[in-house]
Each structure stands twice: as C-alpha cells, then as structure tokens.
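If you count the sequence shown from 1, position 28 lands on 28 in UniProt numbering, and the numbers rise without skipping.
A quick write-up on the structure given underneath.
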Amino acid sequence: MRSLKKCIQKGTLSELIEKSPNKKLNELSAIKYAKDIAEGLLHIHSQKCISNDLKMDNILIDYNGNAVVSDLGLADSLTKTSGYGMNQYLGNWLFQAPECYDPNKFQDYADEYQKLGLNISTKPTIKSECFSLDILRFLIKKLSNLPYGLRLQKHFNVQEAFAIELQQ
1 MRSLKKCIQK GTLSELIEKS PNKKLNELSA IKYAKDIAEG LLHIHSQKCI
51 SNDLKMDNIL IDYNGNAVVS DLGLADSLTK TSGYGMNQYL GNWLFQAPEC
101 YDPNKFQDYA DEYQKLGLNI STKPTIKSEC FSLDILRFLI KKLSNLPYGL
151 RLQKHFNVQE AFAIELQQ
C-alpha cells in the first residue's frame, strides 16, 4: 500500500494531461512516458501476462515523474489462453490495440517492417499489446530521418528494443 501511495502522488496520466497547458504534454515528457509504459508492458509480458486494460486512467505518475502501469485487475495469464478472439477480450473495448479489430489497416506497416529484415506477426494474438509495441518501434525507426526522430530513437534505445524478443 505504501508504494501505491508513492505512485499516485502526481495522479494519473489523464489527470496530468488535463492539468497541462493546452491539455497536451510537451514532446520530451510524452517520449518519457511512452518509454516507461513500454518498459512496464515488456515486464508484464515477461511474466507471461497481459494487462487487458491499458488506458491513461490506469497509468500512475509517481513522485519522480515515472509512469507506472497499474490496475491489473483484468490481467490475464498467457498460459491460460490459447488464441485471441473478440469474445475473449476482457479489457475496455475503447482502449484495445487497434490491430485487434482491424488488422488489415496495419498490414502496410508490417510489410515495411519486414523489409528491414524484422519479422513480426501480422495478426492479433493474445499478446496484442506486444504487436502494438512492434508498431511503435517501427514508427520510431521510420521517423529517424526527421529532426525529432533521432531523439525518439535515443530515448527508446531502438537498437536494443529490436533485439528484445518476447517469448510466448
């Protein structure tokens, strides 16, 4: 309980954005929070679980400004499930990974990703959050020729991220 109180000292990501000027985060804060969330999801997935309810209200900001994935009440063990289907989804429909309800929309990204020599699944799986992370890594890599792209690559340490393989 004590560590949870530390996390909620600055509130949720939703509350932080609501209090911000223009209801936006600055670029560096957005990058930092995205990195924290991605690392949190990688940790959850390494424990053979998925969050199932990832949304800004479930991202707590601690006293040091770190984003922490919370509300794992709908978390599911990957070993209990064999496949992914819309009727198996336990989280909030509004916040599920977009490729779960329209995987064809992301096929172009997957094709370009594979041209870089990186193999990814092109269909939603029970690890749908992982597929979203692959899309995020791909977009960061693709944006690297833009002025802010190099900053994104450095912050996310994209070269290392590509080397990480999540085991099923």
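Where is the CB? At the ideal position from N, CA and C, for every residue including glycine.
A distance below 8 Å between beta-carbons, with the five flanking residues on each side excluded, links Ile17 to the following residues of its chain, in chain order: Lys23, Lys24, Leu25 and Met56. Taking the Cβ atoms as the reference, Leu42 lies roughly 21 Å from Thr12, outside the contact range of under 8 Å. In the three-state DSSP reduction, Leu16 falls in the helix class (H, G or I).
Annotated three-state conformation of Leu28 is helix, per DSSP. Between Ile44 and Val69 the beta-carbon gap is near 7 Å, inside 8 Å, which marks them as a contact. Assignment of beta-bridge partners to Leu60 by DSSP yields Thr12 and Val68.
The residues Asp36, in chain order, have a CB closer than 6 Å to that of Asn66 in the same chain once the five nearest residues on each side in sequence are set aside. Leu54 is classed as buried because its beta carbon has at least 16 other beta carbons within 10 Å across all chains shown.
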